[in-house]
Each structure stands twice: as C-alpha cells, then as structure tokens.
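Okay, so here's the structure we're looking at.
Numbering (the working numbering), first residue to last: 1011 to 1349.
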C-alpha cells in the first residue's frame, strides 16, 4: 500500500509545514509583489475557514464578510480611539464574532432552520451590519477610523508590509494544520455524521445542534483575525473597504473551484483567484476591474463545476488516477467482468 498525505497524518502534517516554509520564503524570491502575496494570503485564510462551515459542516454561511469587518473595526477602534494594544482589539473582535456566530447558529439549528434559510439569514445579517455601519458613519460624518502611522513592532505596527504577510501565512498554516487534525479526530467524525444526516446522527445520540454550532463559531474566528490584520496594515477602516461583497464572492468561488470539503482545495483556489485577478489587472492596465473579474470568476466556476465537480483537487485526482498503474486486484476484477 502506497502512503499518501491523505492516509498518513504525519505525511500530511509534513506537507503543510513544507508548503508553509515555501510561502514564508516567497517574499525573498522577488517573483512577485508583496501586495499580490498579501492578497493571496487573505483569500487563503478566508477560503480555508469558510470551507470549515460549508465543506465540512455542510452549512452555507454568508456572514463571513461581516466577521471580517467586525474584526477590522474592533482592532481599529481599540487602537485609534481607545489607545489600547492591538491584541486587545483582536481579542475583542474574536469574542464579538464568536458570540454573534454562536447565538445566530444555535438559534437557527435549535429551530431547525433549513440550509437555504440559514444562508439567507446569514446574508441578511451581513448586509444589515454593513448598512448599520454605513448609516452610522454618514449620520455622524465619521469618515471611517484612522490608525496612527508609527513603526512600533511591539504594537504590531510595521512600515514593511511583509510582516503582515508573514502573520497571514502563519494563520493559514495554523488553519490547515487544525483542519488536518480535526478531520481525524472524534470531533471530525461527529461533524461528518451531522452533515450526512442530522436526523440519523441525533437518533444515535450525536449532539447535532452543539456540533454544528461549534463549527460555525470556529469558522467565524479566522475572518475576525484577518480583518484585524487588515486594519493594522491599511491604517484606515471604513464600511466601504471592509464590507465588500466582492471579497465574499471571491472567498466562496476560491473554495468551490479549489475543492469544497478538501484540505488543499481552498488554498489552491485562493492562489487561482489571486492569479486571475492579477492577470486581468495587468492585461487591462487598471486597478478597478471588479466587474470584469467577477465575470471571469463566474465563467471559470461554471467550467469547473461542469467538467470537474470536485474542483481543482478533483481534477488532480482524475489525472493521477488516469496515469497511475492499477493495482493487480483491480486488473483481475476487470478481466473477470469482461469474461
């Protein structure tokens, strides 16, 4: 039997660490810009965490962008308005998003809200929070939150953006390692059981509501951290630059075209999305190509879903199975079936 990262947890862990080291060395190779790398890391962190709730839990949570915005606002307000350490703002964002996700998810699952209505509920939640933030800013003429421009590593304030990339990549690697462990743990088995059939899992004593709520809460925390890092790096937070539907769309598409429910799918999907955006920007010659980018995203999504429903990971597996030698038992079975 051939050992693969999927069958051997130690090989899988080693593969994640190797990929993480390569990503950390990427800025020193001077192959691309730091903005490209940061964009990729943001997409990867959001896609991997969204894959937890949708790919593993089978829930379509459209409030991901709201958690991202809450994290950004919490960190910005803590630093700029209250003069607190960024850690306080990050923790506050995590606590707020986890509490919000826990309350909404628990009530939804306790009331047995269908998957479609859960998706609509979370989408309305994100849109409502965004509208409230914009209305508050317009009413009081706030114009967003500006963070002080300083160089203080102890307060996570760096003049060089590469350090924010390192923080994002460290988060991505931690999320991949956590997913790799969860899928092989008792918690992962309970999540899979709840996803396959909530009624059957409940009849076997699985606490479905608690399990699904825990997945939703765990998935809500990383976007808050990413939002906090965005606030520290951009030094300016407003509703118009954190409540971005395009970012939510890119997160969902990256997860789907990469391979929903897989370990490496969202990571590869994030890389593909970033490359597509950069190629379009370079070809058109302008920065604001959201409309064209969305059309290309949609076309690629349709092609992937039609040709390879398993995403890029499914395509890689298809090619691998196509060229890999068949086991002797499989060959004998084919001969017997032909006979």
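Even glycine gets a Cβ: it sits at the ideal position worked out from N, Cα and C.
- Inter-residue distance for residue 1249 and residue 1038 is about 34 angstroms (C-alpha atoms, whole angstroms).
- Spanning the alpha carbons of residue 1247 and residue 1171 requires a straight line of approximately 17 angstroms.
- DSSP places residue 1020 in the uninterrupted alpha helix (DSSP H) bounded by 1019 to 1039.
- Note on the segment 1227 to 1309: whole alpha helix (DSSP H) runs with a minimum of 4 residues are 1249 to 1252, 1255 to 1269 and 1275 to 1294, in chain order.
- In terms of Cβ geometry, residue 1178 and residue 1236 form a close pair [threshold 8 angstroms].
- Selection 1325, 1142, 1222 and 1099 evaluated against residue 1064 yields 1222 as nearest (Cα-Cα).
- Looking at the DSSP output, residue 1155 bridges to 1247.
- Taking a contact as a CB-CB distance under 8 angstroms, the pair residue 1080 and residue 1234 counts as one, their CB atoms being some 6 angstroms apart.
- Taking the Cα positions, residue 1192 is about 5 angstroms away from residue 1198.
- Judged by DSSP secondary structure, residue 1328 falls within the alpha helix (DSSP H) whose first and last residues are 1321 to 1333.
- Every unbroken stretch of the alpha helix (DSSP H) spanning 4 or more residues and falling wholly within the segment 1151 to 1195 is given here in chain order: 1172 to 1192.
- About 6 angstroms separates the beta carbons of residue 1135 and residue 1114, which is inside the 8 angstroms limit, making them a contact pair.
- The beta carbon of residue 1241 sits closer than 6 angstroms to the beta carbons of 1082, 1085, 1086 and 1247 from its chain, once the five residues preceding and following it are set aside; these are given in chain order.
- Where residue 1107 is concerned, the enclosing alpha helix (DSSP H) starts and stops at 1096 to 1120.
- Burial state of residue 1272 is buried, judged by a 10 Å Cβ sphere holding 16 or more other Cβ atoms.
- In the structure shown, the three-state DSSP call for residue 1207 is coil.
- Contact between the segment 1057 to 1073 and the segment 1299 to 1318 is absent: fewer than 3 CB-CB pairs across the two stretches fall below 8 angstroms.
- Beyond the five residues adjoining it in sequence on each side, residue 1120 comes within less than 7 angstroms, by CB distance, of 1219 in the same chain, given in chain order.
- Annotated as proximal: residue 1174 and residue 1239, with beta-carbon spacing under 8 angstroms.
- Residue 1026 has its alpha-carbon roughly 28 angstroms from the corresponding atom of residue 1072.
- A distance below 7 angstroms between beta-carbons, with the five flanking residues on each side excluded, links residue 1216 to the following residues of its chain, in chain order: 1200, 1203 and 1204.
- Secondary structure of residue 1134 (DSSP, three-state): helix.
- In this structure, 1270 is the residue among 1033, 1332 and 1270 with its C-alpha nearest to the C-alpha of residue 1068.
- Taking the C-beta atoms as reference points, residue 1252 is found nearer than 8 angstroms to residue 1078.
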